[in-house]
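In terms of our numbering, the numbers along the sequence shown are unbroken and rise by one, the last being 951.
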Amino acid sequence: MVAGVAPARSFGQSQAPTPMQMPPQNPALARPEDATPADFTIRIAPIALEIAPSRFISTIGYNGTSPGPVLRMREGKPVTVDVINGTDAAELVHWHGLFVPSEVDGADEEGTPMVPPGGRRRYQFTPKPAGTRWYHSHAMAGADLHRGTYTGQFGFLMVESGSDPGRYDQELFLALRDWEPFFTDQMENEAAEGGGLGPQPERPATLDTRPNGLEVTSQLFSINDKALGAGDPIRVRAGQRVLMHVLNASAIENRTIGFSGHQFHVIAMDGNAVPSAKPVDVLMLGPGERIDAYVEMNQPGVWILGSTDDMSRNAGLGVIVEYENQHREAQWVAPANPLWDYTVFGAAAAPARRAPDHTIDMIFEKIPSGAGQFNLWQVNGKPYPHEREFVLQEGARYRLVFRNRTDDSHPVHLHRHLFELVDVNGKPTSGLMKDTVIVPLYGRVTADLMADQPGLTLFHCHIQQHMDYGFKVLFRYA
Ligand SMILES: [Cu+2]
474 MVAGVAPARS
484 FGQSQAPTPM
494 QMPPQNPALA
504 RPEDATPADF
514 TIRIAPIALE
524 IAPSRFISTI
534 GYNGTSPGPV
544 LRMREGKPVT
554 VDVINGTDAA
564 ELVHWHGLFV
574 PSEVDGADEE
584 GTPMVPPGGR
594 RRYQFTPKPA
604 GTRWYHSHAM
614 AGADLHRGTY
624 TGQFGFLMVE
634 SGSDPGRYDQ
644 ELFLALRDWE
654 PFFTDQMENE
664 AAEGGGLGPQ
674 PERPATLDTR
684 PNGLEVTSQL
694 FSINDKALGA
704 GDPIRVRAGQ
714 RVLMHVLNAS
724 AIENRTIGFS
734 GHQFHVIAMD
744 GNAVPSAKPV
754 DVLMLGPGER
764 IDAYVEMNQP
774 GVWILGSTDD
784 MSRNAGLGVI
794 VEYENQHREA
804 QWVAPANPLW
814 DYTVFGAAAA
824 PARRAPDHTI
834 DMIFEKIPSG
844 AGQFNLWQVN
854 GKPYPHEREF
864 VLQEGARYRL
874 VFRNRTDDSH
884 PVHLHRHLFE
894 LVDVNGKPTS
904 GLMKDTVIVP
914 LYGRVTADLM
924 ADQPGLTLFH
934 CHIQQHMDYG
944 FKVLFRYA
């Protein structure tokens, strides 16, 4: 398989379980309906991932690899997925971006049962809506950087509607990753992640000057399973149109990527078609976000597609794209416009949306813990769990106001629903449906939510450490 750039066809076929490799089944968990084979099987087990020649990452993967296989499901057609846990810790799989019941969504907080060590569990659900979704571990990690989304437990999940026009010559899946995370007392460079620019409407008059606690960082990166320069390049021909599904599968950081003299024509964000598809020089994605974009291959040469941040790109966050009959050293050309703005993809006309019935303010704050400790995160003055502050009435429309009063950008994710962006740092927009959005540092994002998926619904920052140390909320339906 071509490193990191195999067409979907060759990914999607490794779904059949290999019976010899299944761990012993716990009889208490075996149910009669499990006797029939599942549509998909995911085996969670330790792997050694060779991201560069002789450079092995010891992590946990799906079906022996990371990313796991691309799962292709048909919208509206019920599926069964067997998850077999070959690790010594309880696990579960979250289906990110799908409208599925809380019992199978894959969040312990919503009541999805864990898959015990050595055990198995069958998930049954009806995949919807169509689009680029993904699946990943939703286990808490806390201080253990070998658990949850720090591991290689993730993969693309494509929900297909059958109406995909297929107007492209190649389809690529590109998951951005960091490896071997470690604790640091240095703050990330906010400019590098695109969060330190623009207005700061939620910046407090008096800043909290208490010393910061530990953050998680990394110095080793890949796209899919290969660091920049390792494995085969993406091979293209002049005149081709290449569709890219990009996912930030990091547990720790927002990322911005560029492609040396080429533009990304953004057609969907988080799997949902955007009203104004258009070309841009960079893509910025917070952990959990996806972007579908096509690229016209019209600059013959050998180029790097990768992080606009030199440190992370040089440490692996990139891939070489080689045109046919071009043989030279791969070149990186910095993008002309490195700024990312969700609102440019919104509808051009003024929105004709239903007025919200209620507004829910959500104030994000950090309690700096000081050297050697973990910062604590709060929503509306309290870390998780809250009491009954977040209750939705089915059928009502809510305006959520995300007020980020911290010095860090947060990719916040709402399970089991989509929301529509209304305003980003004072810029109005409409028609952009998302399940995850970056709220810039000291920034404000407003989003409308239709409460139409009854059941417990988790909301959290997709940076694993922030989630584990308080940055989450459980919405209930009345
Ligand atoms: Cu966060």
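From the three backbone atoms N, C-alpha and C, an ideal C-beta is built for every residue, glycine too.
Beta-carbon proximity check, residue i vs residue j, cutoff 9 Å
i	j	result
residue 775	residue 796	yes
residue 536	residue 592	no
residue 711	residue 752	no
residue 911	residue 762	yes
residue 552	residue 513	yes
residue 731	residue 755	yes
residue 819	residue 916	no
residue 874	residue 944	no
residue 743	residue 891	yes
residue 697	residue 658	no
Three-state class that DSSP yields for residue i in the structure shown
i	result
residue 937	helix
residue 578	helix
residue 957	No information on residue 957 is available, as it lies outside the stretch 474 to 951 that the chain covers here.
residue 857	coil
residue 784	helix
residue 622	helix
residue 890	coil
residue 902	coil
residue 818	helix
residue 766	strand
residue 518	strand
residue 508	helix
residue 726	coil
residue 583	helix
residue 700	coil
Residues bridged to residue i (per DSSP)
i	result
residue 643	715
residue 884	911
residue 688	657
residue 896	901 and 919
residue 945	933
Heavy atom of ligand 1 within 8 Å of residue i beta-carbon
i	result
residue 850	yes
residue 881	yes
residue 886	no
residue 875	no
residue 840	no
residue 936	yes
residue 619	no
residue 944	yes
residue 735	no
residue 418	Because the chain here runs from 474 to 951, residue 418 falls outside it and cannot be looked at.
Residue i, buried or exposed, once every other Cβ within 10 Å from all chains shown has been counted against 16
i	result
residue 484	Only weak support exists for where residue 484 lies, its pLDDT of 32 falling under 50; the value from the coordinates is given anyway. Counting Cβ neighbours within 10 Å, residue 484 comes out buried, since at least 16 surround it.
residue 831	exposed
residue 564	buried
residue 800	exposed
residue 498	The pLDDT assigned to residue 498 is 47, lower than 50, so where the model puts this residue is not dependable, and the model offers no usable value.
residue 907	buried
residue 846	exposed
residue 954	This structure gives no information on residue 954, because the portion of the chain shown stretches from 474 to 951.
residue 872	buried
C-beta neighbour in chain B for residue i, strict 9 Å
i	result
residue 830	No chain B is present in this structure, which holds just one protein chain.
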